[in-house]
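Residue numbers (our numbering), protein chains in the order written: chain A, 680 to 929; chain B, -14 to 250. Structure first, commentary second.
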């Protein structure tokens, strides 16, 4: 029997569809440390952490084409604004709040288009760690600002558990080394929690075990924006040989 | 929704078409019947590029003039475009800065969107394109500028220098390049240096810096528009394997003092 179009039901179905697909996504951990900001992720094939603008980077989980769409839209907006006005006017809240969020909301609410299957994490570098900013951006256009650290993962519970761990472990301005070590365990907790939905608190050990297992088929990717650098570009991907010591200590 | 080629020019054109906001870079003036008053436009004067072993060095004085008035004594005419590239500009300051801003964005836009750096040839071509599109302005008597592009080439582990003419023609020079009002008068000195002391590309950076500062001093002696090295220290930047760096002011000051103390007044 044909039922009349129900707006609410439609949105719920769309959200359910997207959440199911995001659940398997590989988490991203963002931490602001003394001399920079980092986004840590595991990649299977393609890149996962991307430079957007001079002080802005991004990573996301979801459909590759949708992530690419978001990435390119953010890069277009940033460079347009940075040139027509000034690089100082390209800020995380303008890029996420005005350039991207309305388009996501529109695609999500429009029954005739496919919604974005993506959840993104943006990080913005400032002069001091206290002023660094993170924004998460959801498939429905919702965005939230964070300070010090931020997580995106496959489920709400995964994000909450990783956040709790980060909150307990991170000092006010951690060093690069401690941040990487903590981010790795947080990643494992977030991924394990997304797979084991009936467990409220995934242990650190279970998280690290899961991470070790995942590292057999995926590679660690760490993107950083450096606060003090002589280089023209603040963004760089940390080379694998510099990550090896952290993986050996797992 | 977005450009697929990573072409920043295309992005700006679309922005202009969509918003109706006129991007000054994309506008050219109609050539007026009489050339405009030269005092209307501020010009940067002399810039020098020389190679050294493993890289390339740029030195420029700080003066900017309009006709025969000194307008500014703190102009920076050597600007990094990315981690391998420096541009030194002589001529119309306003237009040149706009193009430099454009190039910085164009190179980064390409690298960030395409996930690979723009090739050296692509960058050189982008500069040619910016100059070619500026030609109507230059012919109109306003906005004429000449860039020298200095690049560290990682494939060949050496510096490379390219100069351009006003229409965008590109030439690679083996050892050195110079542009601006004082440059023509010191061309012979470059030759004298390479013929008596060997090629710049075989000498250490400190030697190249000393020669370049001395050359700038000679240019200031022979050209009234060149600011020289005494009143305000020149700027110097270099590109090598590790990136693009500015020579610290103290190093330049010591070198200028040494040149003066050596009787090279």
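Ideal Cβ positions, reconstructed from N, Cα and C, are used throughout, including at glycine.
Put simply, the CB of residue 61 of chain B is far from chain A, with every gap to its CB atoms at 8 Å or more.
Contact fails between the region 110 to 130 of chain B and the region 777 to 787 of chain A, because fewer than three Cβ pairs, one in each stretch, are under 8 Å apart.
Taking each of A:730, A:739, A:712 and A:734 in turn and checking the Cα distance to residue 721 of chain A, the smallest one comes out for A:739. Where residue 168 of chain B is concerned, there is no enclosing alpha helix (DSSP H), because DSSP gives it neither an H nor an E. Taken in chain order, the complete alpha helix (DSSP H) segments of 4 or more residues contained in the region 800 to 871 of chain A are 835 to 848. Between residue 98 of chain B and chain A, the shortest Cβ-Cβ separation is below 8 Å. Interface annotation, residue 68 of chain B: in contact with chain A, CB-CB separation under 8 Å. Residue 65 of chain B reaches chain A at 911, counting residues in chain order whose Cβ is nearer than 8 Å. Secondary structure of residue 102 of chain B (DSSP, three-state): coil. Between residue 85 of chain B and residue 64 of chain B, the CB-CB gap stays under 8 Å.
Spatial neighbours of residue 823 of chain A in its own chain (CB-CB distance under 6 Å, excluding positions within 5 residues in sequence) are listed in chain order as 815. For residue 688 of chain A, the enclosing alpha helix (DSSP H) begins and ends at 686 to 701. Take the alpha-carbon of residue 105 of chain B and the one of residue 860 of chain A: they are about 38 Å apart. If you check the CB distance, residue 731 of chain A and residue 7 of chain B do not come in under 8 Å. Taking the CA atoms as reference points, residue 849 of chain A sits about 22 Å from residue 834 of chain A. A contact is defined here as three or more CB-CB pairs under 8 Å, and the region 55 to 73 of chain B meets this definition with respect to the region 124 to 137 of chain B. Around the beta carbon of residue 878 of chain A, fewer than 16 other beta carbons sit within 10 angstroms, so the residue counts as exposed. Comparing alpha-carbon positions, the option among B:244, B:45 and B:228 lying closest to residue 60 of chain B turns out to be B:45. DSSP places residue 781 of chain A in the helix class (H, G or I) of the three-state scheme. Under the three-state reduction of DSSP output, residue 5 of chain B falls in the coil class, being neither helix nor strand. Residue range 919 to 927 is occupied by the alpha helix (DSSP H) that includes residue 924 of chain A.
In this structure, DSSP gives residue 733 of chain A a state outside helix and strand, which the three-state scheme calls coil. Rounded to whole angstroms, the gap between the alpha carbons of residue 179 of chain B and residue 895 of chain A is 57 Å. A straight line joining the alpha-carbon of residue 52 of chain B with that of residue 79 of chain B spans about 15 Å. Contact of residue 87 of chain B with chain A is assigned, a C-beta pair being separated by under 8 Å.
Contact between residue 237 of chain B and residue 221 of chain B holds: their C-beta atoms lie close to 6 Å from each other, under 8 Å. For chain B, the residues of the region 743 to 765 of chain A that bring a beta carbon within less than 9 Å of one of its beta carbons are 748, 750, 751, 752, 754, 755, 757, 758, 759, 761, 762 and 763, in chain order. Around the CB of residue 87 of chain B, 16 or more other CB atoms lie within 10 Å, so the residue is classed as buried. Inclusion of residue 829 of chain A and residue 709 of chain A in the CB contact set at 8 Å is warranted, their separation being smaller than that value. Residue 138 of chain B sits in a strand when the DSSP states are folded into three classes. Chain-order list of chain A residues neighbouring residue 185 of chain B: empty, with the shortest C-beta distance near 24 Å, by a criterion of under 8 Å.
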